[in-house]
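Colleague: For the first sequence, this note's numbering begins at -6 and goes up steadily by one.
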Amino acid sequence: MTTDSPIAAQSLFAAYAGVIDAALDALVAKDALPAGLARGAVTCEPPRDAAHGDLATNAAMVLAKPAGTNPRALATLLVEELAAHPRVASAEIAGPGFINLRLVDAAWIDELALIGTAGGDYGRSTLGGGTTVNVEYVSANPTGPMHMGHCRGAVVGDALAALLQFAGHKVIKEYYVNDAGAQVDVLARSAHLRYREALGEDVGAVPEGLYPGDYLVPVGQALAAEYGDRYVAAPESEWLVLFRQKAVAAMLVMIKEDLAKLGIVHDLFSSEAELQAAGKPEAAEAWLRAHDLVYDGHLEAPKGKTPEDWEPVELPLFRSTRFGDDQDRPIKKSDGSWTYFGADLAYHFQKAETADALVDIWGADHAGTVKRIKAAVAALTGAEGAKPKPFEVKLVQMVQLLRDGQPVKMSKRAGNFVTLADVVEEVGKDVVRFTMLTRKPDAQMDFDFAKVVEASKDNPVFYVQYAHARICSTLRKGAELGWAPSAANLALLGQEELGLVKLAAQFPRIVEGAALAREPHRIAFFLYDLAAAFHAYWNFGNDKPEKRFIVAQDKDLTEARLFLAAQIGQVVKNGLAILGVEAAQEL
RNA sequence: GCGCCCAUAGCUCAGCAGGAUAGAGCGCAGAAUUCCUAAUUCUGAGGCCACUGGUUCGAAUCCAGUUGGGCGCACCA
-6 MTTDSPIAAQ
4 SLFAAYAGVI
14 DAALDALVAK
24 DALPAGLARG
34 AVTCEPPRDA
44 AHGDLATNAA
54 MVLAKPAGTN
64 PRALATLLVE
74 ELAAHPRVAS
84 AEIAGPGFIN
94 LRLVDAAWID
104 ELALIGTAGG
114 DYGRSTLGGG
124 TTVNVEYVSA
134 NPTGPMHMGH
144 CRGAVVGDAL
154 AALLQFAGHK
164 VIKEYYVNDA
174 GAQVDVLARS
184 AHLRYREALG
194 EDVGAVPEGL
204 YPGDYLVPVG
214 QALAAEYGDR
224 YVAAPESEWL
234 VLFRQKAVAA
244 MLVMIKEDLA
254 KLGIVHDLFS
264 SEAELQAAGK
274 PEAAEAWLRA
284 HDLVYDGHLE
294 APKGKTPEDW
304 EPVELPLFRS
314 TRFGDDQDRP
324 IKKSDGSWTY
334 FGADLAYHFQ
344 KAETADALVD
354 IWGADHAGTV
364 KRIKAAVAAL
374 TGAEGAKPKP
384 FEVKLVQMVQ
394 LLRDGQPVKM
404 SKRAGNFVTL
414 ADVVEEVGKD
424 VVRFTMLTRK
434 PDAQMDFDFA
444 KVVEASKDNP
454 VFYVQYAHAR
464 ICSTLRKGAE
474 LGWAPSAANL
484 ALLGQEELGL
494 VKLAAQFPRI
504 VEGAALAREP
514 HRIAFFLYDL
524 AAAFHAYWNF
534 GNDKPEKRFI
544 VAQDKDLTEA
554 RLFLAAQIGQ
564 VVKNGLAILG
574 VEAAQEL
């Protein structure tokens, strides 16, 4: 388990939500507003258009109706209360009943100083309340190296885990190892072939139905070195389990290396085989039968095209239709072994025992199984009136790989899939990670090798990293002159500079919003906006030398601006840390 | 046939628990330009938020249906 300290700076917006709340209390005390009105819908947000002010609240619009008055009348009263607050420079009614607040400069200067104090903790939230969230992601079959089909889910899951941790959750980063199904038997047979090859046998082309990849060659060699020719002519029953276990272990080593190249390290690898050996699926089945949630029944024919060899069989079925699924699902096959779902159900039950909430990151090609697993978790954790454990399946859509605008063909059978390691090597970890997070996960995306490595402002990765590098460069330049960032004279900062602070100050609420929505891509978009504002200010200095960070002969002003630059850089760095992207010192 | 996801500027996409005149980049049209770091900068035009209904003070956002695209639909994983 990975745990961060729960120190968190209160978001400025949350603080002023409290001010608004207090103003409403004051109105209640004056009998100007009925007591006990629900205030859940009252917001305190930055207005869409910064020209409207620093903060806006919809309180008057939301409360007018239950208070039996009209929005503008209520807003007038509320404005009087709010305007009396020492940190509120102005409060005015706008549009249909919004109240726009402008804060005194000191409020933003204090926020800037707070960034300096909080440092790497700026933006950290207590939202999660220390509850444990299990994030399961990647969980690729241990039958070969990671390929690009796994990449998006891996990055999104990893960034989400970091985000939730930053937002005050304990997080368990988990990988489910499917080491019990037919595909790992195929792996074992493929390894056996390579084992015979390593002992000098001419095995020819890899037969259809076995994994052809070269990555099994060293596995065969290791088996040959360890066991000699003991299993060359032996029946499968003598070596299958052993070879399966050895080959899976080797694949996991490889997968972990691939993930490490992307900066991904899971806390926990859970083995399906161990789960089964421990009898977890049996226990789940018994429990479900006792609650009439599993019965022996006949499977419906597949929808649409019915295969020629279709025949009805009796199998133990889970009543997933009771929880919104389209049909009941088998937990065992006709040969008595567990279906993937049967084991997965027990696995999720196990996860639910050690976490307060579960999140799975899956590829969109598994969307069809979401309903049954959600049904299973609801059934297993929500028995006898208990509140089911929160469980979400986040689907990441397909990524189309392009090279110079042309689709890159991937065929697993032909063994020419694009591996994750190759792509990371070609374009770099940071580019892969950031690019995967520049689209909301439920939209399909293109990944064009040519475009993602382009070092220009059109490329969001470089645009954001360049902002940080530029800041570092400026600080170095200042240091050469003997000047260092200082919070001593921040009152010298003007409105343009405070504009940057106002944007940076949104970071804590962006973090919370992204964590609640389980959408780490929001961090990436925020960083792009912040970088854009920084670059715009920088360019401003081209025409107006007096607006540059370093102003000759003015130590106090320069040190205040260097402090500003340092804190913008800090926020960029904190955001990039969530995404798992380096904050480059120079490009 | 059924289920899930998507549809926003010419293109690629954001849109924050329903809020004000719907944003950014590219492209396009004008203009400026040797700059603390080295990717030039500024301004402008460009929209029935796929369509139709509904919910309400208020909808790109929520609900229902329609159209178009992606993914999936056996005891595989």
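Cβ coordinates follow ideal geometry from the N, Cα and C atoms, glycine included.
Computed from a predicted structure; not experimentally measured.
Using only CA atoms, which one of V128, V72 and L94 lies nearest to A82?
Modeller: Closest option to A82, Cα to Cα, is L94.
Colleague: Can you tell me whether DSSP reads A133 as helix, strand or coil?
Modeller: Coil.
Colleague: Within 10 Å of its beta-carbon, does S449 have 16 or more other beta-carbons around it, so buried, or fewer, so exposed?
Modeller: So S449 ends up on the exposed side.
Colleague: Can you list, in chain order, the residues of its chain with a C-beta nearer than 7 Å to that of D172? Leave out the 5 residues immediately preceding and following it.
Modeller: Excluding sequence neighbours, D172 sits near P135, V241, S264, E265 and A266.
Colleague: According to the Cβ coordinates, are A348 and V457 closer than 7 Å?
Modeller: Not closer than 7 Å, so no.
Colleague: Could you tell me which residues DSSP pairs with I86 in its beta bridges?
Modeller: For I86, which the question treats as bridged, DSSP gives the partners I92.
Colleague: Figure out for me which residue from T69, M54 and R463 has the closest Cα to the Cα of L20.
Modeller: L20 has its Cα closest to that of T69, out of T69, M54 and R463.
Colleague: Nearest CA to the CA of R554: which residue from I248, G109 and P400?
Modeller: Closest by alpha carbon: G109.
Colleague: Can you pull the DSSP bridge partners for P309?
Modeller: Its beta-bridge partners are D289.
Colleague: Across the region 150 to 162 and the region 173 to 191, are there enough close Cβ pairs to call them in contact, namely three or more that are closer than 8 Å?
Modeller: No contact exists between the region 150 to 162 and the region 173 to 191.
Colleague: Excluding the 5 residues flanking G137 on each side, which residues of the same chain have their C-beta closer than 7 Å to its C-beta?
Modeller: So the list reads Y204, G206, Y208 and M244, once near-sequence residues are dropped.
Colleague: Where does R237 land, buried or exposed, given buried means 16+ other C-beta within 10 angstroms?
Modeller: By the neighbour-count rule (16 or more Cβ atoms within 10 Å), R237 is buried.
Colleague: What's the C-alpha gap between G113 and K239?
Modeller: One C-alpha to the other measures close to 43 Å.
Colleague: Return the CA-CA distance between F342 and A198, expressed in angstroms with no decimal places.
Modeller: If I take the Cα positions, the gap works out to 43 Å.
Colleague: What is the residue span of the alpha helix (DSSP H) that M247 lies within?
Modeller: It spans E229 to K254 - the alpha helix (DSSP H) in which M247 sits, taken as one unbroken run.
Colleague: With L351 and K344 assumed to form a contact (beta carbons below 8 Å), what rounded beta-carbon distance in angstroms separates them?
Modeller: So it is a contact: roughly 6 Å between Cβ atoms.
Colleague: Going by other Cβ atoms of all chains shown within 10 Å of its Cβ, with 16 needed for buried, is K537 buried or exposed?
Modeller: Flag for K537 reads exposed.
Colleague: On a CA-only basis, which of H284, A44, A49 and L26 is nearest L35? Give me that one, please.
Modeller: It is Val, not Leu, that sits at residue 35 in the sequence shown. The shortest Cα separation from V35 among H284, A44, A49 and L26 belongs to A49.
Colleague: Is A283 close to the ligand GDP? I mean its beta-carbon at under 6 Å from any heavy atom of the ligand.
Modeller: For the ligand GDP, the structure offers nothing, since it holds no ligand at all.
Colleague: Comparing C-alpha positions only, which one of G562, L388, L30 and W280 sits nearest to A369?
Modeller: Among G562, L388, L30 and W280, the Cα nearest to that of A369 belongs to W280.
Colleague: Indicate the three-state DSSP secondary structure (helix, strand or coil) for I366 in the structure shown.
Modeller: The answer is helix: DSSP assigns I366 an H, G or I state.
Colleague: To test your reading of the DSSP string, which unbroken alpha helix (DSSP H) runs of 4 or more residues are found completely within the region 93 to 166?
Modeller: Whole alpha helix (DSSP H) segments, 4+ residues: 98 to 111 and 144 to 159.
Colleague: F384: buried (16+ other C-beta within 10 angstroms of its C-beta) or exposed?
Modeller: Buried is the call here.
Colleague: Over the uninterrupted beta strand (DSSP E) stretch that includes S264, give me the two end residues.
Modeller: Where S264 is concerned, the enclosing beta strand (DSSP E) stretches over L261 to S264.
Colleague: Taking the alpha-carbon positions, what's the K635 to G475 distance?
Modeller: Outside the displayed range of the chain (-6 to 580) lies residue 635, so it cannot be described from this structure.
Colleague: Closest to F159 by C-alpha separation, out of V454, I516, F556 and Y459, would be which residue?
Modeller: When only C-alpha atoms are compared, the closest one is I516.
Colleague: Can you give me the Cβ contacts of T412 inside the same chain, cut-off strictly under 6 Å, excluding the 5 residues immediately before and after it?
Modeller: P138 and H140, listed in sequence order.
Colleague: Which class does K450 belong to by DSSP, given the choice of helix, strand or coil?
Modeller: If DSSP states are grouped into helix, strand and coil, K450 belongs with coil.
Colleague: From what residue to what residue does the beta strand (DSSP E) around E539 run?
Modeller: It is not in any beta strand (DSSP E) - E539 carries neither H nor E in the DSSP assignment.
Colleague: In this structure, does DSSP put M391 in helix, strand or coil?
Modeller: Here M391 sits in coil by DSSP.
Colleague: Grouping DSSP H, G and I as helix and E and B as strand, with all else coil, what is K325?
Modeller: Looking at K325 - three-state DSSP - the assignment turns out to be strand.
Colleague: Do you know offhand how far V128's Cα is from D353's?
Modeller: The straight-line gap from Cα to Cα measures roughly 6 Å.
Colleague: Which of the three DSSP states is assigned to A10 in this structure?
Modeller: The answer is helix: DSSP assigns A10 an H, G or I state.
Colleague: Given a cut-off of 7 Å on the beta-carbon distance, is the pair G90 and R65 in contact?
Modeller: Cβ atoms of G90 and R65: closer than 7 Å.
Colleague: To the nearest angstrom, report how far apart H284 and P274 are at their CA atoms.
Modeller: Computed Cα separation, rounded: 15 Å.
Colleague: Could you tell me the alpha carbon to alpha carbon distance between D103 and V148, rounded to whole angstroms?
Modeller: About 35 Å.
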